[in-house]
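Novice: Once you've had a glance at the structure underneath, I'll fire off some questions.
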Amino acid sequence: MMTCYTGMLLKACMDANPSLTTYLDIVERAFGNKWRIIASMFLNTELYLVALSLMIVESENLHKLFPTFSIKHGGGATIISGRKTFVLITACITLPTMLLTDLSILSYVSVMGVLSSLLIVGSLISIGISKVGFHAQGHQLWNMSGIPTAMSFYIFCFAGHPVLPSIYVSMRHRQQFIKVLMISFLLTTTTCLVIAVIGYLMYGGGVQSQITLNLPTSEAGAKVAIYTLLLIPITRFALLVTPVASSIEGHLPQKYQNRSLIQRAVRLVILASSTLLAYFFPYFETLVGILGSIFIVLASFLLPCACYIKLTHSFRTWSCKLVATLAIMVFGVLAGVLGTYTTIVDLVNH
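Numbered continuously in full-length UniProt numbering, the sequence shown closes out at residue 350.
And the structure:
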């Protein structure tokens with residue numbers, strides 16, 4: 001509800017200033033070019049880390065399907081085994097998409113993400129009914145210590161605000177934006193809740209950060225869920241890092257810009273760096289916690305509220321809308337601080 005509301009606040013900012021067309025335009029108009037640069041750095045870092053999380057998801061689920069796979073040399077000795085093997089394989093699979101200059105094909109394929117989510121939910125329900133059941137032992141319905149982490153995970157699912165202004169501008173019937181926004185967030189919320197409840201009923205406290213890692217691979221439904229999930233990182237990695245690459249290219253000397261060789265080199269460096277991080281930093285839940293509690297809190301909670309208050313001058317008079325906006329900012333700060341602290345503690349314990 002709060003993230004849907006902050007999406008509406010971004011629309012209000014654009015309605016009050018029709019010349020604004022992007023998220024960064026809104027930030028710059030509210031707080032100046034310095035904050036535009038800071039916001040751009042945060043958004044690019046967020047995209048990079050989301051792409052990194054997809055690589056970790058891909059490698060962990062491939063390892064789930066092929067747990068004994070390893071890379072060996074001629075003498076038969078194992079060089080690399082386990083999850084790290086599939087990090088390298090994932091990088092090799094992703095490499096061709098990073099060399100594409102026209103990503104329109106990938107954008108069409110990525111639209112299947114909604115159908116993929118529904119297919120995964122359907123597979124989980126079928127496995128629960130036919131194989132695992134919904135009677136896991138060791139339920140702990142209320143765990144106070146886990147609330148900050150769970151909150152960061154849940155916030156991670158609503159990381160779409162930077163693209164909302166662009167969607168609004170591109171709509172033919174802009175009066176339908178609020179309706180589209182509410183339906184989108186309702187579907188996202190419902191999907192997250194259904195998966196959370198199903199996972200808890202099936203596996204109790206033993207459910208993993210990726211529920212596909214709990215599924216029995218001997219079941220057809222489990223294979224459908226895992227293989228469907230495997231398609232998402234392959235199609236979205238290049239799309240996610242393209243804005244990051246474009247930002248890097250924009251800061252290169254003029255003579256190196258708009259050269260296909262340089263563009264491909266930048267993308268390969270991004271792929272190589274994310275491969276190294278995924279190889280040595282396999283903590284998906286920690287990465288999601290960092291994204292949710294720092295980057296998405298800033299982009300989806302704090303900045304939309306702050307920009308709305310500044311651009312509409314609503315701070316001059318008290319109103320219910322101003323109180324609600326300030327309350328969301330307070331929640332965002334608390335969620336960010338608690339989530340970051342819990343994530344750091346979990347990382348140290350690892």
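We treat Cβ as the ideally placed atom computed from N, Cα and C, and that holds for glycine. Bear in mind the structure is a predicted one, so any value in this text is a computation, not a measurement.
Quick check on the DSSP output: the alpha helix (DSSP H) that includes Leu181 runs from which residue to which?
Specialist: By one-based count along the sequence shown, residue 181 stands at place 181. Unbroken alpha helix (DSSP H) run through Leu181: Phe177 to Tyr203.
Novice: Identify which residue in Pro67, Gly221, Arg36 and Leu43 has its Cα closest to the Cα of Ile296.
Specialist: Counting from one through the sequence shown, the residue named residue 296 turns up at place 296. Closest by alpha carbon: Leu43.
Novice: What does a CB cutoff of less than 6 Å around Pro216 pick up in its chain, not counting 5 residues either side in sequence?
Specialist: One-based indexing of the sequence shown puts residue 216 at position 216. Within the same chain, Pro216 has close Cβ partners Ala222.
Novice: Do you know whose CA, among Leu181, Thr212, Phe156 and Asn143, lies nearest Leu49's CA?
Specialist: For the purposes of this step, residue 49 is identified with residue 49 of the sequence shown, where counting begins at 1. Considering only alpha carbons, the answer is Phe156.
Novice: Less than 7 Å between the C-beta atoms of Ser274 and Leu52, yes or no?
Specialist: Position 274 of the sequence shown, counted from the first residue, corresponds to residue 274. Position 52 of the sequence shown, counted from the first residue, corresponds to residue 52. Closer than 7 Å, so yes.
Novice: For Val163, which residues in the same chain have their Cβ closer than 8 Å to its Cβ, ignoring the five residues on either side in sequence?
Specialist: As a first step, residue 163 is located in the sequence shown; it is residue number 163 there, counting from the start. Tyr23.
Novice: Could you have a look at Trp142 and say whether DSSP puts it in helix, strand or coil?
Specialist: Mapped onto the sequence shown, residue 142 falls at position 142. Residue state, collapsed to three classes: coil.
Novice: Buried or exposed for Pro67, going by 16 or more other Cβ atoms inside 10 Å?
Specialist: On the sequence shown, residue 67 is found 67 positions in, with the first residue counted as 1. The residue is exposed, with fewer than 16 neighbouring Cβ atoms inside 10 Å.
Novice: With distances taken Cα to Cα, identify the nearest neighbour of Pro243 among Thr21, Leu47, Gly332 and Gly32.
Specialist: One-based indexing of the sequence shown puts residue 243 at position 243. By alpha-carbon distance to Pro243, the top candidate from Thr21, Leu47, Gly332 and Gly32 is Leu47.
Novice: DSSP state of Ala159, grouped into three classes?
Specialist: The residue you call residue 159 lines up with position 159 of the sequence shown. In this structure, Ala159 counts as coil in the three-state DSSP scheme.
Novice: Using the rule of at least 16 other Cβ atoms within 10 Å of the residue's Cβ for burial, across every protein chain shown, is Thr325 buried or exposed?
Specialist: Along the sequence shown, read from residue 1 onward, the residue named residue 325 stands at position 325. Under this definition Thr325 is a buried residue.
Novice: Rounded to the nearest angstrom, what separates Lys11 and Tyr5 at their Cα positions?
Specialist: As a first step, residue 11 must be located in the sequence shown, where it is residue number 11. As a first step, residue 5 must be located in the sequence shown, where it is residue number 5. Between the C-alpha atoms of Lys11 and Tyr5 there is a straight-line separation of about 10 Å.
Novice: Among Leu186, Gly205 and Pro96, which has the Cα closest to the Cα of Gly146?
Specialist: Locating residue 146 in the sequence shown gives position 146, counting from the first residue. For the residues Leu186, Gly205 and Pro96, the minimum Cα distance to Gly146 belongs to Gly205.
Novice: If you check the beta carbons only, do Thr90 and Ser300 fall under 7 Å apart?
Specialist: Mapped onto the sequence shown, residue 90 falls at position 90. Mapped onto the sequence shown, residue 300 falls at position 300. Not closer than 7 Å, so no.
Novice: For the alpha helix (DSSP H) holding Leu231, just list the boundary residues, first then last.
Specialist: Indexing the sequence shown from 1 puts residue 231 at position 231. Unbroken alpha helix (DSSP H) run through Leu231: Ala220 to Gly250.
Novice: Taking the alpha carbon of Tyr279 as the reference point, which residue from Asn17, Leu213, Val57 and Ala306 has its own alpha carbon closest?
Specialist: Working through the sequence shown from its first residue, we reach residue 279 at position 279. Closest option to Tyr279, Cα to Cα, is Val57.
Novice: Taking Thr182 as the reference, give the member of Leu201, Glu285, Phe158 and Tyr200 with the closest Cα.
Specialist: Along the sequence shown, read from residue 1 onward, the residue named residue 182 stands at position 182. A small correction: the amino acid at residue 182 is Met; Thr does not occupy that position in the sequence shown. Selected option, being the one with the closest Cα: Phe158.
Novice: So, are the CB atoms of Leu119 and Tyr308 less than 7 Å apart?
Specialist: Taking the sequence shown and counting its residues from 1, the one referred to as residue 119 is at position 119. Taking the sequence shown and counting its residues from 1, the one referred to as residue 308 is at position 308. Not in contact: Leu119 and Tyr308 (Cβ atoms no closer than 7 Å).
Novice: Assuming Leu54 contacts Phe237 (C-beta within less than 8 Å), just tell me the rounded distance between them.
Specialist: Here residue 54 refers to the residue found at position 54 when the sequence shown is read from its first residue. Here residue 237 refers to the residue found at position 237 when the sequence shown is read from its first residue. With a Cβ gap of about 6 Å, Leu54 and Phe237 count as contacting.
Novice: Of the choices Val169, Met144 and Trp142, whose alpha-carbon is the least far from that of Ile26?
Specialist: Here residue 26 is taken as the residue at index 26 of the sequence shown, counted from 1. Checked all of Val169, Met144 and Trp142; the closest Cα to Ile26 is Val169.
Novice: Do Val266 and Ile248 have their CB atoms nearer than 7 Å?
Specialist: On the sequence shown, residue 266 is found 266 positions in, with the first residue counted as 1. On the sequence shown, residue 248 is found 248 positions in, with the first residue counted as 1. It is a contact, given that the beta carbons lie within the stated cut-off.
Novice: Taking the runs of the alpha helix (DSSP H) that are 4 residues or longer, which of them lie wholly in the stretch 28-67?
Specialist: 33-65
Novice: Along the chain, which unbroken stretches of the alpha helix (DSSP H) at least 4 residues long are found entirely within the stretch 291-336?
Specialist: 303-312
Novice: Over what stretch of residues does the alpha helix (DSSP H) that includes Gly7 continue unbroken?
Specialist: Counting from 1 along the sequence shown, the entry for residue 7 is found at position 7. Met2 to Ala16 is the extent of the alpha helix (DSSP H) around Gly7.
Novice: Look at the alpha carbon of Leu100 and the alpha carbon of Leu276, and state the distance between them as a whole number of angstroms.
Specialist: Locating residue 100 in the sequence shown gives position 100, where the first residue counts as 1. Locating residue 276 in the sequence shown gives position 276, where the first residue counts as 1. Going from the Cα of Leu100 to the Cα of Leu276 covers about 22 Å.
Novice: Could you give the distance in angstroms between the alpha-carbon of Ser116 and the alpha-carbon of Tyr227?
Specialist: Taking the first residue of the sequence shown as position 1, residue 116 is located at position 116. Taking the first residue of the sequence shown as position 1, residue 227 is located at position 227. Cα to Cα, the separation comes out at about 10 Å.
Novice: Taking the Cβ atom as the reference point for each residue, do Phe69 and Thr45 lie within a distance shorter than 7 Å?
Specialist: Here residue 69 refers to the residue found at position 69 when the sequence shown is read from its first residue. Here residue 45 refers to the residue found at position 45 when the sequence shown is read from its first residue. Not a contact, by the Cβ cut-off of 7 Å.
Novice: Measuring CA to CA, which of Ile125, Cys13 and Tyr341 is closest to Gly199?
Specialist: For the purposes of this step, residue 199 is taken as residue 199 along the sequence shown, with counting starting at 1. Here the closest residue by C-alpha is Ile125.
Novice: Closest to Pro96 by C-alpha separation, out of Leu271, Gly336 and Met171, would be which residue?
Specialist: By one-based count along the sequence shown, residue 96 stands at place 96. Ranked by Cα distance from Pro96, the first of Leu271, Gly336 and Met171 is Leu271.
Novice: How is Tyr23 classed by DSSP in three states: helix, strand or coil?
Specialist: The count along the sequence shown starts at 1 and reaches residue 23 at position 23. Tyr23: helix per DSSP, three-state reduction.
Novice: What number of angstroms, rounded off, separates the C-alpha of Ser293 from the C-alpha of Leu193?
Specialist: Taking the first residue of the sequence shown as 1, we reach residue 293 at position 293. Taking the first residue of the sequence shown as 1, we reach residue 193 at position 193. Straight across, the Cα-Cα distance linking Ser293 with Leu193 is about 19 Å.
Novice: Which of the three DSSP states is assigned to Arg172 in this structure?
Specialist: Here residue 172 refers to the residue found at position 172 when the sequence shown is read from its first residue. Of the three classes helix, strand and coil, the one that applies to Arg172 here is coil, per DSSP.
Novice: Keeping to the same chain, check which residues put their C-beta closer than 8 Å to that of Trp35; ignore five residues upstream and five downstream.
Specialist: Here residue 35 refers to the residue found at position 35 of the sequence shown. Result list for Trp35: Val27 and Glu28, in chain order.
Novice: Give me the Cα-Cα distance between Ser152 and Leu268, rounded to the nearest whole angstrom.
Specialist: Counting from one through the sequence shown, the residue named residue 152 turns up at place 152. Counting from one through the sequence shown, the residue named residue 268 turns up at place 268. Approximately 30 Å, taken between the alpha carbons.
Novice: Beta-carbon within less than 8 Å of Leu230's beta-carbon, same chain only, minus the 5 sequence neighbours each way: which residues are those?
Specialist: As a position in the sequence shown, residue 230 is number 230, starting the count at 1. These residues qualify, in order along the chain: Glu58, Asn61 and Leu62.
Novice: So the candidates are Leu201, Leu88, Met144 and Gly82; which of them puts its Cα closest to the Cα of Gly133?
Specialist: Within the sequence shown, numbered from 1, the residue matching residue 133 stands at position 133. With distances taken between Cα atoms, Gly133 lies closest to Leu201.
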